[in-house]
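Numbered as in UniProt numbering, the sequence shown ends at 143 without a single skipped number.
C-beta: ideal position from N, C-alpha, C; glycine also.
All values derive from a computational prediction rather than experimental measurement.
Written below as structure tokens is the structure these notes are about.
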Amino acid sequence: MLIECLVAIFILTTICMLFVSINKGDMVSFKERERSRDNSILLNNIISELKFNVKLESLEEKLINDKLSINIGADFNNKLQNENILNINDESSKKLVLVEKVQDLENGVKLNLILKEENIEILKYEVKKELWMEKRKEEKDIH
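Given below as structure tokens:
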């Protein structure tokens with residue numbers, strides 16, 4: 001009887017440990033997916049800002065050796081509502097977006113946007129910034 005109880009306790013303990021380890025694995029993958037989603041949203045916000053709310057001339061002025069880095073802090077989205085993206089620079093942050101000018105186009109530029117965290121490349125997008133995007137913004141402001 002004692003042996004049967006010990007075997008039953010061992011089996012229940014093993015099943016509980018297996019269940020806990022599976023849940024920990026799910027939590028790790030959930031956190032990773034959540035972080036990936038947040039990074040994707042952040043980079044998409046930056047792409048939209050550069051495409052539609054920044055003039056091509058001011059972007060080219062800020063590019064040094066065809067590169068520009070934007071340091072991203074915890075309150076980046078709040079600053080983005082009130083400031084120009086080219087003026088936001090949080091030195092204490094571990095995340096940054098590197099904007100590289102790849103090519104001059106007839107009516108704009110082609111840019112690479114690279115999201116880095118602790119010098120590790122996380123996401124990379126190629127974006128075209130064209131003049132019609134600025135004209136569209138100006139037309140919206142008029143109406």
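Exercise for the section: Indicate the three-state DSSP secondary structure (helix, strand or coil) for S69 in the structure shown. Expected result: strand
Exercise for the section: Counting only runs of 4+ residues fully inside the region 45-89, write out the alpha helix (DSSP H) ranges in chain order. Expected result: 56-62, 76-82
Exercise for the section: Identify whether K116 lies in helix, strand or coil by the three-state DSSP scheme. Expected result: strand
Problem - F76, buried or exposed, once every other Cβ within 10 Å from all chains shown has been counted against 16 - result: So F76 counts as buried.
Handout entry: Close-in-space but distant-in-sequence residues of the same chain around E100 (CB under 6 angstroms, 5 per side omitted)
Key = K67, N112
Practice task
Return the residue from the list L50, N44, E32 that minimises the CA-CA distance to G108.
Solution key: L50
Practice task
Answer yes or no: do L86 and K62 have a C-beta to C-beta separation smaller than 8 angstroms?
Solution key: Using a Cβ distance threshold of 8 angstroms, L86 and K62 count as a contacting pair.
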